[in-house]
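> For the sequence shown, the working numbering puts the final residue at 168, and the numbers step up evenly by one. Ideal Cβ placement from N, Cα and C applies to all residues, glycine included.
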Amino acid sequence: MDNTEKHFSEEKFWDKLKRYGVKAGHSVVYTALLLYFVLQKPDVPKKSKMVIIGALGYFILPTDFIPDMAVGVGFTDDLGALGLALLQVSMYIDDEVKAKAKAKLSDWFGDDVDTSEVDGKL
């Protein structure tokens with residue numbers, strides 16, 4: 047885990063969310079936030095954290111399979127990578143993780159954000 051900085055950094059993660067969060071949409075942002083907050087938990091095994099770092103690293107890549115600037119589909123591949131990671135670590139997503147993610151989502155998008163689509167998959 048010591049050598050993950052080249053793939054994932056908190057600074058790059060928050061920068062990507064701030065710059066592209068509205069364009070990416072609620073589901074992508076909420077999924078990314080859930081993974082980020084699971085990553086912060088000390089009791090999550092190293093293997094699960096590596097899955098998260100891989101998915102978040104892909105999310106923050108400036109160039110990926112489908113460019114993020116592509117209108118309508120730019121974040122489809124990101125959501126796929128994030129969603130697969132989310133399913134693999136879903137057992138570590140508790141009410142505290144959801145509350146932190148929803149609070150940050152609410153800060154950016156307001157209180158009318160519907161997270162039921164992502165929550166329903168957990």
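Helix, strand or coil for Val-97 per DSSP?
helix
> Compute the Euclidean distance between the alpha carbons of Val-135 and Glu-142, then round it to the nearest angstrom.
15 Å
> Starting from Lys-58 and walking both ways along the alpha helix (DSSP H), at which residues does that stretch end?
56–70
> Answer yes or no: do Lys-95 and Leu-85 have a C-beta to C-beta separation smaller than 8 Å?
Yes. Within cutoff.
> Measuring CA to CA, which of Leu-133, Leu-130, Glu-56 and Lys-87 is closest to Leu-107?
Looking only at Leu-133, Leu-130, Glu-56 and Lys-87, the smallest Cα-Cα distance to Leu-107 is reached by Glu-56.
> For the alpha helix (DSSP H) holding Asp-141, just list the boundary residues, first then last.
141–155
> Under 8 Å between the Cβ atoms of Phe-105 and Asp-89?
Cβ atoms of Phe-105 and Asp-89: not closer than 8 Å.
> Looking at the secondary structure, which residues open and close the alpha helix (DSSP H) in which Asp-165 lies?
162–165
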